[in-house]
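One structure is given here, and the rest of the page talks about it.
There are 2 protein chains.
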Amino acid sequence: MTLDIDPVQSDRSRDALTAAHLYYLQDLTMDAIARELHTSRSSVSRLLSHARETGLVDIQIKSPLDAPSHLEQQLEARFRIEAHVVPVPDSASDVDRLERVALSVARILGQYFDSNMTMGIAWGSTMNAISRHVTPKQTHNSQIVQLNGAGNMRTTGLGYASEILGRFGTAFGAHIQQFPVPAFFDDPATKKALWRERSISRLIDMQATMDIALFGLGSPFSGVISRVYAGGYLEKAEFDALSAAQVVGDVATVFYRADGSTDGIALNERSTGPEFTVLRRTPRRICVVAGRSKLASLRGALAARLITDLFVDESTARALVEAS
Amino acid sequence: MTLDIDPVQSDRSRDALTAAHLYYLQDLTMDAIARELHTSRSSVSRLLSHARETGLVDIQIKSPLDAPSHLEQQLEARFRIEAHVVPVPDSASDVDRLERVALSVARILGQYFDSNMTMGIAWGSTMNAISRHVTPKQTHNSQIVQLNGAGNMRTTGLGYASEILGRFGTAFGAHIQQFPVPAFFDDPATKKALWRERSISRLIDMQATMDIALFGLGSPFSGVISRVYAGGYLEKAEFDALSAAQVVGDVATVFYRADGSTDGIALNERSTGPEFTVLRRTPRRICVVAGRSKLASLRGALAARLITDLFVDESTARALVEAS
DNA sequence: AACCGGATTGAACATACGTGCAAGGAGCCG
DNA sequence: CGGCTCCTTGCACGTATGTTCAATCCGGTT
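The listed protein sequences derive, respectively, from chains A and B. At position 135 of the first sequence the residue is numbered 135 (full-length UniProt numbering), and the sequence of numbers has no breaks. At position 320 of the second sequence the residue is numbered 320 (full-length UniProt numbering), and the sequence of numbers has no breaks.
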């Protein structure tokens with residue numbers, strides 16, 4: 001057994017690297033590059049795609065700091081967060097919105113995550129969308145930790161959640177830490193007991209000391225039903241209880257009201273997501289929101305001070321600013 | 001008088017920014033972007049060019065660290081420098097070589113230079129070529145300092161050198177410090193006297209404390225005549241003296257031999273470039289070389305330990321490694 | 001108000017680029 | 001040694017992008 005890299009792979013990458021050099025740093029046409037590399041133009045096109053996909057080429061966009069859009073400035077001033085407004089035409093559907101915001105986030109994420117870091121991630125449609133596009137970036141000694149369990153009455157949830165987790169993991173070359181518990185326990189006592197198990201508490205500790213948290217928002221009572229409510233995670237009675245408690249949203253299956261409060265929301269006792277008091281210790285907490293249906297939920301999360309960095313589509317951002 | 005930015009400029013930049021967002025982060029086609037921005041596709045193409053040219057979009061290429069080319073590794077091991085080999089086909093002319101290496105350097109330079117830094121730059125065909133392509137990057141409180149005088153019998157040299165200097169200055173938003181003296185004094189005493197003038201000594205001090213030096217190499221006795229020898233800077237007699245002293249090259253009009261030594265080279269007493277003992281204190285000293293005609297000169301500069309970072313075209317790099 | 005550069009715009013054209021496809025390997029059984 | 005699959009390659013085609021040019025707009029001047 002040897003440590004050599006697959007020579008074919010390495011050949012390919014070496015070529016991709018020179019191709020990228022010639023294309024992006026020397027402005028040669030793919031045709032010219034093809035001649036220098038003794039191959040066809042189409043292969044060069046493919047090499048360059050490969051270079052971009054694998055993060056060999058890194059394209060960043062830098063706001064000249066003096067020109068964050070008016071919207072971003074307002075959000076930053078009003079909520080004390082770093083805001084990133086993703087331009088999406090007002091006519092776009094909510095699906096488009098999510099897809100486009102997710103794509104933007106996926107491309108930028110590498111600027112936040114680095115070697116020796118631990119990032120906690122939730123799961124759900126937002127995280128799923130992001131995971132499908134993350135641009136790879138090689139890191140060392142870094143960890144991706146699942147924030148909340150994903151099991152329900154029908155499945156252990158390991159498939160869906162770990163797919164998401166896995167995509168982040170391979171993109172960053174990070175170890176992944178799954179959280180093999182249901183989204184909600186039936187009995188709070190089970191949770192307490194499990195939390196004392198070393199295998200689980202190790203994970204809880206990692207969550208408590210992570211450098212970055214990345215999450216979307218659940219919004220139980222708005223048009224688009226978040227995955228948590230659709231997938232058999234909650235019974236009708238539980239759902240009604242949330243409604244009665246005036247819940248407006250959740251982060252990693254921990255629920256909150258419009259004012260950001262969580263006290264007396266019974267379901268949280270059985271939820272596996274990190275308590276907000278813990279979450280708030282994470283230095284960078286990136287929230288991704290797309291679509292106006294999540295507006296109430298977003299207001300609540302802001303009130304709960306769960307967010308340090310917000311990625312949001314333009315029209316939702318506008319709505320957020322206007323109503324305040 | 002107001003501090004507002006030209007609203008037209010700012011409009012343009014804002015659009016360029018969103019266009020860049022949509023194009024590079026969301027993979028929209030220019031056509032789609034045109035519709036969102038209510039303009040024509042060609043305008044979007046222009047906006048994107050603008051965004052790239054002004055450094056709004058920053059494209060980096062990251063060697064996965066495990067894959068610096070064989071050549072780069074050898075150079076780094078042998079000379080204790082950071083090497084960047086620029087791929088250029090062996091068939092390319094020396095002019096092409098220079099142009100392509102310069103373009104690469106111009107694109108990468110922003111990764112080295114930042115706010116609050118001082119960079120010293122020489123002048124000559126290499127620096128000229130680089131200056132014509134530097135990708136802008138906004139910095140604050142940074143300085144560009146001219147390393148050596150550019151005047152000669154016919155002109156003050158302020159035009160040519162300051163054009164170069166100016167391009168770097170505007171690209172980085174840096175203050176520029178010209179060096180209004182000839183390349184060589186006739187009398188060493190004049191130099192000594194001037195060096196005591198506060199206006200000049202201030203500049204010398206800046207050179208002594210700069211963070212980065214950027215220079216090409218002169219190679220008096222090889223095919224392509226460096227600007228120093230062509231432009232009326234040296235008399236026949238001086239040229240002969242250099243030859244007799246076995247000089248192989250110069251950095252900022254300070255001459256050295258193949259072994260890197262400078263002792264007893266009379267012309268250096270009258271040269272306005274920084275002494276090597278001073279130059280070597282600069283933490284990062286970036287040398288840009290293109291063309292095998294500069295090989296001897298490059299060997300000397302390496303022997304003189306003037307270089308910490310080398311940018312060189314592929315075939316010159318190969319020649320350098322092979323002959324050692 | 002009429003006039004004049006100079007900059008900006010969209011249409012049209014000319015390139016350059018991405019991708020489906022069929023052909024040609026390279027490895028892997030049977 | 002076929003015969004199989006899976007992967008890579010170059011070609012051909014359609015689309016996306018860069019660029020020229022004439023028309024238009026704008027700010028300043030007479």
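Cβ coordinates follow ideal geometry from the N, Cα and C atoms, glycine included.
Within the same chain, and ignoring the five residues on either side of residue 208 of chain B in sequence, the residues whose Cβ sits closer than 8 Å to its Cβ are 274, 278, 281. Interface annotation for the stretch 9-24 of chain B against chain A: 10, 13, 14, 17, 18, 20, 21, 22, 24, criterion Cβ-Cβ distance under 8 Å.
Excluding its 5 nearest sequence neighbours in each direction, residue 109 of chain A has C-beta neighbours in its own chain below 7 Å: 134, listed in chain order. In this chain, residue 117 of chain B is not harboured by any beta strand (DSSP E), its DSSP state being neither H nor E. Residue 130 of chain B: member of the alpha helix (DSSP H) spanning 125-131, first to last residue. With contacts defined as CB atoms closer than 7 Å, residue 87 of chain A and residue 18 of chain B qualify as a contacting pair.
Of all residues in the stretch 94-110 of chain A, only 100, 103, 104, 107, 108 come within less than 8 Å of chain B when Cβ atoms are compared, listed by chain position. Comparing alpha carbon positions, the residue from A/40, A/75, A/201 closest to residue 316 of chain A is A/75. Counted as a single uninterrupted DSSP element, the beta strand (DSSP E) harbouring residue 215 of chain B occupies residues 212-215.
Within its own chain, the residues whose Cβ lies closer than 6 Å to the Cβ of residue 271 of chain B, once the five positions on either side in sequence are excluded, are 184, 253, 254, listed in chain order.
Here the stretch 87-99 of chain B makes no contact with the stretch 188-202 of chain B; the two share fewer than three CB pairs at distances below 8 Å. Rounded to the nearest angstrom, the Cβ distance from residue 81 of chain B to residue 298 of chain B is 11 Å, too far for a contact under 8 Å.
C-alpha of residue 214 of chain A to C-alpha of residue 172 of chain A: approximately 14 Å in a straight line. About 11 Å separates the beta carbon of residue 28 of chain B from that of residue 37 of chain B, a gap too long to meet the 8 Å contact definition.
The alpha-carbon separation between residue 151 of chain A and residue 43 of chain A amounts to approximately 44 Å. Excluding five sequence positions before and after residue 302 of chain B, the CB atoms of its chain that fall closer than 6 Å to its own CB belong to 79, given in chain order. The beta carbon of residue 126 of chain A lies closer than 6 Å to those of 216, 288 in the same chain, with the five residues before and after it left out. Residue 291 of chain B sits in coil when the DSSP states are folded into three classes, being neither helix nor strand.
Taking a Cβ-Cβ threshold of 9 Å, the residues of chain A close to residue 60 of chain B are 24, 57, 58, 59, 60, in chain order. In this structure, residue 284 of chain B sits near residue 212 of chain B, with a CB-CB distance shorter than 7 Å.
Linking residue 118 of chain A to residue 56 of chain A through their CA atoms gives a straight-line distance of about 23 Å.
Residues of chain A whose Cβ lies closer than 8 Å to the Cβ of residue 36 of chain B are, in chain order, 87, 89. Note on geometry: alpha-carbon atoms of residue 51 of chain A and residue 204 of chain B lie some 45 Å from one another. For residue 140 of chain B, same chain residues with a beta-carbon under 6 Å away, outside a window of 5 residues either side, are 115 in chain order. At least one C-beta of chain A is nearer than 7 Å to the C-beta of residue 64 of chain B.
Look at residue 249 of chain A here: in three-state DSSP terms it is strand. In the structure shown, residue 28 of chain B falls within a coil segment according to DSSP collapsed to helix, strand and coil. Residue 267 of chain A has its alpha-carbon roughly 12 Å from the corresponding atom of residue 191 of chain A. Identification of chain B residues near residue 313 of chain A by a Cβ-Cβ cut-off of 8 Å yields none; the smallest Cβ-Cβ distance measures about 11 Å. Taking 7 Å as the cut-off, the Cβ atoms of residue 219 of chain B and residue 249 of chain B count as close. Under the three-state reduction of DSSP output, residue 23 of chain B falls in the helix class.
Chain-order list of chain A residues neighbouring residue 27 of chain B: 103, by C-beta distance under 8 Å. The beta carbon of residue 308 of chain A sits closer than 7 Å to the beta carbons of 81, 82, 284, 285 from its chain, once the five residues preceding and following it are set aside; these are given in chain order.
Residue 178 of chain B sits close to residue 162 of chain B, with the two beta carbons spaced by under 7 Å. Rounded to the nearest whole angstrom, the C-alpha separation of residue 59 of chain A and residue 243 of chain A is 44 Å.
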